[in-house]
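K.L.:
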Amino acid sequence: MASPRSLVPAIILGAATTILVLCILPFHPSAFFLAPISERNGLLPVPSRTFVISLSRRKDRHEQMELLRRQLNVNWRYVNGQDSSSPLVDKIMAQVQSIRLRDPEYQSNTTVSLPFEWPDAGVPVVPFQDLPLHSTPGPSEPLTCANNDFTLLPYSPTIREYKILSRNRIACWHSHFSVIQHITTRSIQKVSLILEDDVDMELDIRERLLSVWNLLPHDWDVVFLGHCHSNESYYPALELHPPLLTYIHPSHAPLCTHAYALSATGARRLLWHLTYPPFAYSRSIDHALAWLIQSGRIKAFSIVPSVVVQRKIGKSDVMAGKGSAWRENLVHGVLAEDTTVVF
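Numbering (UniProt numbering), first residue to last: 1 to 343.
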């Protein structure tokens with residue numbers, strides 16, 4: 001099996017460039033990108049582009065993101081997210097089920113770890129979206145999210161909601177995938193920042209990032225500007241002295257994908273993993289990234305404390321209600337007057 005650091009043979013690991021992406025959920029990448037983007041007035045201390053993912057029907061979130069953008073004097077591009085009611089989601093879910101049913105070891109009524117191995121670099125692989133669709137009877141019970149490489153849990157009425165491979169989770173995966181695919185197909189050689197549309201940021205986010213960005217190694221793939229459900233101080237910070245307001249740590253297992261930066265190399269490496277069957281669409285996109293980090297497939301770093309947080313003041317597009325109970329506060333949030341950070 002190939003080393004995870006050699007999986008993108010066409011990429012030269014040189015000086016990192018930065019892309020900022022904000023997430024909104026559609027399938028063909030050209031369908032999402034609504035407006036031109038300027039490299040000036042970015043959030044990152046390096047040349048970058050920022051994308052914001054947002055469902056077209058969430059006018060409430062668009063208004064709040066525009067307020068945030070104006071307050072910070074930043075440029076970004078809105079990307080239409082994939083709606084969970086789309087027929088495309090039906091096709092993806094049918095393909096996921098088909099891949100699982102074709103494995104003779106798969107049993108829907110018990111926990112099973114199916115055979116799985118990442119292919120060697122340079123070995124031709126048919127990506128998920130190009131696989132022929134085999135007819136399936138349709139799941140009699142909801143599909144469950146995979147763990148690790150390809151461990152599947154049986155469905156039961158008492159299973160936790162976050163373990164169900166719902167239409168919303170498929171749509172969210174596809175929204176992020178589409179932005180990353182756009183970055184790679186357009187050969188964007190800068191850093192890209194991807195954001196979701198329910199966030200607040202530190203008023204001095206630029207200064208905080210500037211104080212630590214030069215500590216990154218040249219071969220970084222992903223930088224999380226915010227996270228949830230993980231102790232991202234688990235590994236020592238890259239620099240502790242002099243005392244700083246913000247630190248950067250090797251990532252542990254960050255969840256939530258509301259704000260992350262990708263190097264050009266990182267975008268290609270991540271896309272390769274996200275399109276490999278049977279890993280593609282097998283779980284929530286944030287759990288996929290966390291596993292790729294934990295298993296050494298991508299090189300990620302986390303800003304601590306978070307400089308971008310989810311606001312969760314309205315209905316979640318992925319989970320029931322406003323989402324999980326994770327809470328984190330900013331020191332001086334731009335939208336702080338009505339921000340209670342609930343994850």
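Every residue, glycine too, gets a C-beta built ideally from N, C-alpha and C.
#1: If you run the structure through DSSP and keep just helix, strand and coil, what is A264?
#2: Helix, strand or coil, according to DSSP, for Q189 in the structure here?
#3: Restricting to Cα atoms, I'd like to know which of S98, I159, S233, P254 is closest to L131.
#4: Where does the unbroken beta strand (DSSP E) through residue 345 begin, and where does it stop?
#5: From the DSSP secondary-structure annotation, give me the bridge partner or partners of A300.
#6: Taking just the CA atoms, how far does L153 sit from C145?
#7: So, is P305 buried or exposed, given that buried needs 16 or more other C-beta atoms within 10 angstroms?
#8: Can you check DSSP and say which residues form a bridge with D200?
#9: Measuring straight from C-alpha to C-alpha, what distance separates T50 and Q107?
#10: What residues match up with H249 in a beta bridge as DSSP calls it?
#11: Which partner residues of G333 appear in the DSSP bridge assignment?
#12: Is R49 helix, strand or coil by DSSP?
#13: Using the Cα positions of P29 and N231, report the straight-line distance between them to the nearest angstrom.
#14: My understanding is that P45 touches L203, with C-beta atoms under 8 Å, so please give their C-beta distance in whole angstroms.
#15: Do the segment 189–205 and the segment 51–59 make contact, defined as three or more Cβ pairs closer than 8 Å?
#16: Leaving aside the five residues before and after H252 along the sequence, list all residues of the same chain whose C-beta is less than 7 Å from its C-beta, in chain order.
#17: Could you tell me if K312 is buried or exposed, where buried requires 16 or more neighbouring beta carbons within 10 angstroms of its beta carbon?
#18: For the pair the segment 283–291 and the segment 327–335, tell me if three or more CB-CB distances fall below 8 Å.
#19: Name the DSSP bridge partner or partners of T144?
#20: Check whether chain C comes within 9 Å of S84, counting only Cβ atoms and requiring the distance to be less than that.
#21: Which class does R327 belong to by DSSP, given the choice of helix, strand or coil?
#22: Are the segment 269–288 and the segment 146–165 touching by the rule of at least three beta carbon pairs closer than 8 Å?
#23: Per DSSP, what are the beta-bridge partners of T151 in this structure?
#24: Can the beta-carbon of L72 be found closer than 9 Å to that of L43?
#25: Thinking C-beta only, is I188 closer than 9 Å to V223?
#26: Please classify R327 as buried or exposed, where buried requires at least 16 neighbouring CB atoms within 10 angstroms.
#27: Please report the straight-line C-alpha distance between C256 and V123, rounded to a whole angstrom.
#28: Quick one: what's got a C-beta closer than 8 Å to P142's C-beta in the same chain, skipping five residues either side?
#29: Can you name the start and end residues of the beta strand (DSSP E) that R77 belongs to?
#30: Taking the beta carbon of R70 as the centre, do at least 16 other beta carbons fall within 10 Å, making it buried, or is it exposed?
#31: Quick one: using the 10 Å Cβ neighbour count with 16 as the cut-off for buried, is L271 buried or exposed?
#32: Nearest to H241 by CA position, among L215, R283, W220, is which residue?
#33: Since D83 and A171 should fall inside the 8 Å C-beta cutoff, what is the C-beta to C-beta distance between them, to a whole number of angstroms?
P.N.:
On the basis of the supplied data:
#1: Annotated three-state conformation of A264 is helix, per DSSP.
#2: In this structure, DSSP gives Q189 a state outside helix and strand, which the three-state scheme calls coil.
#3: Its Cα nearest to that of L131, the residue S98 stands out among S98, I159, S233, P254.
#4: Nothing in the structure corresponds to residue 345, since the chain is present only between 1 and 343.
#5: DSSP lists V222 as partners of A300.
#6: In this structure, the straight-line span from the alpha carbon of C145 to that of L153 is close to 7 Å.
#7: It is buried - the Cβ of P305 has at least 16 other Cβ atoms within 10 Å.
#8: V309.
#9: Cα to Cα, T50 sits roughly 43 Å from Q107.
#10: Answer is S302, bridged to H249.
#11: Per DSSP, E202.
#12: DSSP places R49 in strand when its eight states are reduced to three.
#13: Because P29 carries a pLDDT of 44, less than 50, the predicted location of this residue cannot be relied on, and no value is offered for it.
#14: The pair is not a contact, with the Cβ atoms about 16 Å apart (cut-off 8 Å).
#15: Flag = yes, the segment 189–205 and the segment 51–59 touch.
#16: Cβ contact annotation for H252 (same chain, cutoff 7 Å, sequence separation greater than five): S230, N231, E232, Y234, Y235, in chain order.
#17: Result: buried.
#18: Contact fails: fewer than three Cβ-Cβ distances are below 8 Å.
#19: DSSP output for T144 lists I164 as bridge partner(s).
#20: The structure shown has no chain C; it contains just one protein chain.
#21: DSSP places R327 in strand when its eight states are reduced to three.
#22: Taking one beta carbon from each stretch, the segment 269–288 and the segment 146–165 have 3 or more pairs nearer than 8 Å; the two touch.
#23: Answer is S113, N147.
#24: Closer than 9 Å, so yes.
#25: At a Cβ-Cβ threshold of 9 Å, V223 and I188 do not count as neighbours.
#26: Exposed, by the Cβ-count rule.
#27: Each residue's alpha carbon lies about 31 Å from the other.
#28: The residues Y155, I164, L165, S166, in chain order, have a CB closer than 8 Å to that of P142 in the same chain once the five nearest residues on each side in sequence are set aside.
#29: For R77, the uninterrupted beta strand (DSSP E) segment begins and ends at 77–80.
#30: Flag for R70 reads exposed.
#31: The residue in question, L271, is buried, as its Cβ has 16 or more Cβ neighbours within 10 Å.
#32: Residue L215 is the option with its Cα nearest to H241.
#33: Contact between D83 and A171 holds, since their C-beta atoms are separated by about 6 Å, short of 8 Å.
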